[in-house]
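Here the sequence shown stands for residues 13 to 239, numbered as in the working numbering.
Below you'll find the structure, written out as structure tokens, and then a few comments.
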Amino acid sequence: MTDTVVVIYSGGMDSFTLLHLARARGYNVHALSFNYGQRHVRELEAARAVCQAQSIPHKVIDIRAMSEVMAGSSLTSDMDIPEGHYQEDSMKSTVVPNRNMILLSLATGYAVTVRAQSVWYGAHGGDHAIYPDCRPEFVEKMDAVCRIANYDPVGIEAPFMKLDKGGILGEGLKLGLDYGQTWTCYNGRERACGVCGSCVERLEAFASHGLEDPLPYEPHNVDKSNA
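What follows is the structure, encoded as structure tokens:
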């Protein structure tokens with residue numbers, strides 16, 4: 013019997029790769045996305061389109077009612093999005109309080125419902141400096157809790173924990189993935205901004221492979237061939 017996994021799928025570059033890695037490894041995949049009051053739904057639209065095209069079971073859960081207990085982040089509140097690299101202290105404003113604990117808890121409940129053995133999410137090595145809920149010790153403890161929280165144990169896995177964004181892209185390139193089907197920018201404009209932390213890290217990943225990002229960017233903000 014094929015094992016089932018729930019993949020937390022935002023529609024961004026990392027979770028897009030994770031989704032396809034799970035399928036490539038032969039798992040029965042259920043994709044789960046969340047609308048938690050983020051500034052835009054471009055990523056969710058990208059996620060929905062990919063799942064529809066590939067007939068992947070996909071649920072989008074609206075948890076905006078929880079916004080009052082997840083406030084104070086530039087991703088969910090009326091604050092300026094910081095520009096620059098994730099290593100800069102200013103990027104801490106993009107932390108959404110307790111986000112991954114909440115999302116993983118909900119995903120674990122869904123995993124029990126669909127009889128999945130594990131929940132995968134896209135935390136990676138590049139997140140460690142800024143996001144406490146993307147660090148190895150957090151994943152280890154959430155895994156331990158979720159294995160005893162229900163009659164059916166559910167594991168929490170972060171397969172990219174030892175990779176940076178460039179390494180994740182490398183895994184996707186091996187799978188022949190089209191990253192034009194993803195959205196990473198913190199701003200929900202027609203084109204990616206090229207200057208927010210998410211764009212900067214994404215562009216660096218493509219540059220590390222000598223490639224040009226297939227997404228369109230705001231003119232004058234970035235030279236994709238020399239990022």
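Cβ coordinates follow ideal geometry from the N, Cα and C atoms, glycine included.
Margin query: Tell me the rounded alpha-carbon separation between L223 and P231.
Written below: Mapped onto the sequence shown, residue 223 falls at position 211. Mapped onto the sequence shown, residue 231 falls at position 219. Looking at the two C-alpha atoms, the distance is approximately 18 Å.
Check: What is the residue span of the beta strand (DSSP E) that E57 lies within?
Finding: Here residue 57 is taken as the residue at index 45 of the sequence shown, counted from 1. From DSSP, E57 is part of no beta strand (DSSP E) but of the alpha helix (DSSP H) over 54 to 66.
Margin query: So, does the stretch 43 to 53 touch the stretch 13 to 26, judging by three or more C-beta pairs under 8 Å?
Written below: Yes, the stretch 43 to 53 is in contact with the stretch 13 to 26.
Checklist line | Pair within 8 Å by beta-carbon distance, H32 and G184 | finding: As a working note, residue 32 is residue 20 in the sequence shown. As a working note, residue 184 is residue 172 in the sequence shown. A contact, by the Cβ cut-off of 8 Å.
Next item on the list: Mind checking who N40 pairs with in its DSSP beta bridge?
Entry: One-based indexing of the sequence shown puts residue 40 at position 28. Note: N40 is bridge-paired with T16 in the DSSP secondary-structure output.
Next item on the list: For S117, name the three-state secondary structure that DSSP assigns.
Entry: Position 105 of the sequence shown, counted from the start, is the residue given in the question as residue 117. Three-state result, S117: helix.
Check: Taking the beta strand (DSSP E) that I73 falls in, what are its first and last residues?
Finding: Numbered from its first residue, the sequence shown carries residue 73 at position 61. Note, I73: beta strand (DSSP E), 70 to 74.
Notebook entry, point to check: Can you tell me whether S67 is buried or exposed, with buried defined as 16 or more other CB within 10 angstroms of its CB?
Noted result: Reading the sequence shown from its first residue, position 55 is the one you call residue 67. So S67 ends up on the exposed side.
Next item on the list: Look at Q193 and F28 and say whether their C-beta atoms are less than 8 Å apart.
Entry: The residue you call residue 193 lines up with position 181 of the sequence shown. The residue you call residue 28 lines up with position 16 of the sequence shown. The answer is yes: Cβ separation under 8 Å.
Check: Is it buried or exposed for D145, if we count other Cβ within 10 angstroms and need 16 for buried?
Finding: Translated into the one-based positions of the sequence shown, residue 145 becomes position 133. Residue burial is scored here from C-beta neighbours: D145 has at least 16 other C-beta atoms within 10 angstroms and is therefore classed as buried.
Checklist line | Exposure of H177, with buried meaning 16 or more beta-carbon neighbours within 10 Å | finding: Against the sequence shown, residue 177 aligns to sequence position 165. Looking at the sequence shown, residue 177 is not His but Lys. With a threshold of 16 other beta carbon atoms within 10 Å, K177 meets it and is buried.
Check: Would DSSP call C211 helix, strand or coil?
Finding: The residue given as residue 211 occupies position 199 in the sequence shown. Looking at C211 - three-state DSSP - the assignment turns out to be helix.
Note to self: Helix, strand or coil for I168? Go by DSSP, reduced to three states.
What the structure shows: Indexing the sequence shown from 1 puts residue 168 at position 156. In the three-state DSSP reduction, I168 falls in the strand class (E or B).
Notebook entry, point to check: In terms of alpha-carbon separation, which member of G188, C205, L215, G200 lies closest to A36?
Noted result: Your numbering for residue 36 matches position 24 in the sequence shown. The shortest Cα separation from A36 among G188, C205, L215, G200 belongs to G188.
Next item on the list: Write down the C-beta distance between H70 and A58 rounded to the nearest angstrom, noting that I regard them as a contact closer than 8 Å.
Entry: The residue labelled residue 70 in the question sits at position 58 within the sequence shown. The residue labelled residue 58 in the question sits at position 46 within the sequence shown. Contact flag wrong, Cβ pair sits at about 12 Å.
Notebook entry, point to check: Start and end of the alpha helix (DSSP H) containing V151?
Noted result: Along the sequence shown, one-based indexing puts residue 151 at 139. Looking at the DSSP string, the run of the alpha helix (DSSP H) that includes V151 is 148 to 158.
Next item on the list: Check each candidate in A65, R54, I114, L56 and name the one with the smallest Cα separation from A77.
Entry: Against the sequence shown, residue 77 aligns to sequence position 65. When each option's Cα is compared against that of A77, the closest is I114.
Note to self: Below 8 Å on the Cβ atoms is my contact criterion, and I expect A135 with A170 to pass it. Report the Cβ-Cβ distance as a whole number of Å.
What the structure shows: The residue labelled residue 135 in the question sits at position 123 within the sequence shown. The residue labelled residue 170 in the question sits at position 158 within the sequence shown. Their Cβ separation, rounded to whole angstroms, is 4 Å, which keeps A135 and A170 in contact under 8 Å.
Check: Can you name, in chain order, every residue of its own chain whose Cβ lies under 6 Å from the Cβ of L227, other than the five neighbours on each side?
Finding: Within the sequence shown, residue 227 is the residue found at index 215, counting from 1. Cβ within range, chain order: A204.
Notebook entry, point to check: Given a threshold of 16 other Cβ atoms within 10 Å of its Cβ, counted over all protein chains shown, does G24 qualify as buried or as exposed?
Noted result: Residue numbering aside, residue 24 sits at position 12 when the sequence shown is read from its first letter. Classification of G24: buried, given that the 10 Å Cβ count is 16 or more.
Check: Residues in its own chain within less than 6 Å of E55 by CB, not counting five upstream and five downstream?
Finding: In the sequence shown, residue 55 corresponds to position 43, counting from 1. In the same chain as E55, and ignoring 5 residues on each side of it, the C-beta atoms closer than 6 Å to its own belong to S22, G23, G24, W195, in chain order.
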